[in-house]
Every structure is written in C-alpha cells, then in structure tokens.
C-alpha cells in the first residue's frame, strides 16, 4: 500500500510465556558491551510486526530484567529493494535523536545476514489499534495527541530530518498514555531543511502530501500536511483522502475537504490550513504558527514537553510485556510465523555473498540502561 515500501508494519503476536532463545554465532564484535552484542542477549517473546525486509519482535533481556522491541532487517531484501541508504539513515536518526516523544535506540548490531535495532517496548500499543477500538477520539484527547506530535515533528525538523511517514501505525503509546513516534524507515536527513528540497516519491498514499507526487521537489511542509490528515482522522474516524488507498491520483488531494459533523469549526480551520495543496499558503513554515492556532489555545507547550500534563487516556497494562493494547488479529498469530506475506512472495533465488560489510558503522551502544 505504500508508495515506497520501506516501513515494517507493526503486527503483534502472542503466547504469554513462550520465550525462544536465539542461537547465532556470527555476530560482529563490540568492546563496549560484554565484548560483543549478540542475539543470545535477548529472548524472543512475541513477534510484533512483519514486513518486506524482516520483522519486529518483543524481546527480553535477562540481565536487565527488561523488555525491548527488536527490529530485524534482512540485508538481502534491503539490497534487493535498494533501501540501503534509507536503512542507514534510520539507524543514524535513532542514534542522533533523544526526545520524550520519539522512540529511543538502545543498541544496534548485525550478523552477516541481518541488521538489528533494539528500542523501547511501548506497552501502550499502536495508535491505530486504539483509534479502531474507539471509532474516533473526542476533541480533548485528539488535541493532546496532536500537540505532542507537533513537538515531535518540530524537534525532528530542528535536526534537519524529514519524517515522511506520519500515520497511526507509526505512533505508539507508553504505559502512561504519552505518544512515541517510531519507524524512521522513510525519514531523510537534509543538509538544510529550511532551504533544501528532496524528490523521492515515498510515504503512504492516504497521508502523503500532493507535492510528493508531482516530482517537483518538496520540503518539511509534507509532515505538516500529514499531521492535518491525522487531525481529521482522529476526530472523524476516517481519512479525508481515503480514496487514495486504491489509486494515487493528484486530484484526490486537491479537492475541497468536507467538514464531518464530529469536527468543530476551530479544528476544521486548522485542518484546512495544514492540508493546503498550495505549499506557499500552508501552515508550518514556522511551528509557532501551528502552536498559536486557536485549536491549541488550552495547551501549555512548556509543561507538555516536560510531560507535566496528564494524558487523557491511560492504557490498561497488567504486566511487563503485556500486548493487550495491540490488535488481537496479530497477537493471536503463532510465534513461528516470522515472515510477512510480502516476504513469502519474494522467493529470492540465492543468498547474497557478503564480500564486504556495507554497514561497517552500524553497531551502537547507548547510555547504560538502569535495571
């Protein structure tokens, strides 16, 4: 469904106590963590998602007594679909960014066949799941989520990073109810985000800005367009551009939006200013213009960034590693099912011979984690 298929869909799996111990002796050495980081340091609890290049798993570290999310990407498929640069950028972004509303990278390592990134496990689950459960969010809850997303996107932009794939599947909730932006597989590091443009056609059709499809170049305003689409979807329960799921047509994105009865005039005004086809008129050249909109009148941005505002919704979590806040359609899948449909259809003819390590700087050890 994506215009360029670089992201792992977060699908979730089950059983509560089925820990599978990894056995892999080809891990690259690291002097900073026990002399090396290997898959033996993590036990698989559940598969959290599968995609074209690999999978995401819930894993457990016995020494730290802690759960993590592990993204595993197959080098063979990354090369086959020419996603090496995107993968390297994702890894670099995760190391660079340390922010309350962005998923944190703890470790990165590799084997001869795969790349691994260990990040936070967000027990609050996918925004997509909660939105599906509720049908739509009320305005207060929507405002809270969108405001935290404004801070997350603005922080990325300040570091010259385009996100390019804002959608409910890529937004997770922590155990308290704050958002975390995840999956940077389509993100791009710019030299100067205020002046430069990029031309790669990528993103998810329902959320992608029209200028991405024209081939004339685009900038950071594409992320603010996607935020406007999310704002509409959170309030109404559906995307205003849902027709784009079946056909990518520039006319779909340029049509006048219809105001759903669930959307207030103030919210609809902000949506229209974010989902403005004319980039010269679109809100977002300065994030302050968005923060100062009447829709956010009740938001104290300083307190919000410090997480001093209580989330309007707290996910129900009974134990560490609980996946109840993810879609049961996925959590009921057997743990042995590690390959997604896309991957099963690939049928690669042979294993790529590694004559050199393309990902020589991939290994990463973050700050020491407290037990």
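Residue numbers (my numbering): 422 to 792. Positions of the beta carbon are idealized from the N, C-alpha and C atoms, including for glycine.
**Prompt:** Between the stretch 529 to 536 and the stretch 587 to 596, do at least 3 Cβ pairs fall closer than 8 Å?
**Reply:** no
**Alpha-carbon spacing of residue 467 relative to residue 475, whole angstroms** = 14 Å
**Alpha-carbon spacing of residue 712 relative to residue 578, whole angstroms** = 15 Å
**Request:** State the Cα-Cα distance for the pair residue 719 and residue 730, rounded to the nearest angstrom.
**Result:** 11 Å
**Request:** Under the assumption that residue 570 contacts residue 648 (Cβ atoms under 8 Å), give the Cβ distance between them as a whole number of angstroms.
**Result:** 6 Å
**Message:** With DSSP as the reference, identify every bridge partner of residue 489, one or two as the case may be.
**Reply:** 480 and 541
**Request:** Using three-state DSSP, classify residue 652 as helix, strand or coil.
**Result:** helix
**Prompt:** Given a threshold of 16 other Cβ atoms within 10 Å of its Cβ, counted over all protein chains shown, does residue 677 qualify as buried or as exposed?
**Reply:** exposed
**Request:** Determine which residues share a DSSP beta bridge with residue 468 and list them.
**Result:** 478
**Request:** Spell out a yes or no on whether the stretch 509 to 525 and the stretch 579 to 591 are touching, meaning 3 or more CB-CB pairs, one atom from each, closer than 8 Å.
**Result:** yes
**Message:** At the level of alpha carbons, what is the spacing between residue 547 and residue 741?
**Reply:** 16 Å
**Prompt:** Counting Cβ pairs, one atom from each stretch, are 3 or more of them under 8 Å apart for the stretch 628 to 645 and the stretch 657 to 677?
**Reply:** yes
**Message:** Measuring straight from C-alpha to C-alpha, what distance separates residue 672 and residue 634?
**Reply:** 11 Å
**Message:** Whole angstroms are fine: how far does the CA of residue 783 sit from the CA of residue 505?
**Reply:** 12 Å
**Message:** Rounding to the nearest angstrom, what Cα-Cα distance links residue 646 and residue 695 in this structure?
**Reply:** 5 Å
**Prompt:** So is residue 685 buried or exposed if we call it buried at 16+ other beta carbons inside 10 Å?
**Reply:** exposed
**Prompt:** Can you give the beta carbon distance from residue 503 to residue 480, rounded, assuming they're within the 8 Å contact cut?
**Reply:** With 8 Å as the limit, residue 503 and residue 480 do not qualify as a contact, their Cβ atoms being about 29 Å apart.
**Nearest candidate by alpha-carbon position, reference residue 461, set 781, 714, 523 and 482** = 482
**Request:** Name the one or two DSSP bridge partners that residue 547 has.
**Result:** 593
**Message:** Tell me which residue opens and which closes the alpha helix (DSSP H) that residue 673 is part of.
**Reply:** 671 to 675
**Asked** Got a sec? Which residues, its chain only, sit under 6 Å from residue 638 by beta carbon, not counting five neighbours each side?
**Response** 618 and 620
**Message:** Rounded to the nearest angstrom, what separates residue 589 and residue 640 at their Cα positions?
**Reply:** 22 Å
**Message:** Quick check on the DSSP output: what are the complete alpha helix (DSSP H) runs of length 4 or more inside the stretch 607 to 660, in order along the chain?
**Reply:** 631 to 635 and 642 to 657
**Message:** For residue 600, list the residues DSSP reports as bridge partners.
**Reply:** 594
**Message:** Which residues does DSSP list as the beta-bridge partners of residue 529?
**Reply:** 538 and 785
**Where residue 622 falls, given that 16 or more other Cβ within 10 Å makes a residue buried** = exposed
**Message:** Taking the beta carbon of residue 682 as the centre, do at least 16 other beta carbons fall within 10 Å, making it buried, or is it exposed?
**Reply:** exposed
**residue 612, buried or exposed, once every other Cβ within 10 Å from all chains shown has been counted against 16** = exposed
**Request:** Closer than 6 Å by C-beta to residue 710: which residues in its own chain qualify, once you throw out the five before and the five after it? Chain order, please.
**Result:** 704
**Asked** Where does residue 495 fall in DSSP's three states?
**Response** strand
**Item:** Among 624, 702, 563 and 477, the one whose alpha carbon lies nearest that of residue 392
**Value:** Any question about residue 392 goes unanswered here, given that the chain covers just 422 to 792.
**Item:** Buried versus exposed, by CB contacts within 10 Å (16 or more), residue 781
**Value:** exposed
**Beta-bridge partners of residue 582, as assigned by DSSP** = 610
**Asked** When the Cα of residue 787 is compared with those of 484, 644 and 518, which residue comes out closest?
**Response** 518
**Request:** Can you grab the Cα-Cα spacing for the pair residue 602 / residue 592, in whole Å?
**Result:** 5 Å
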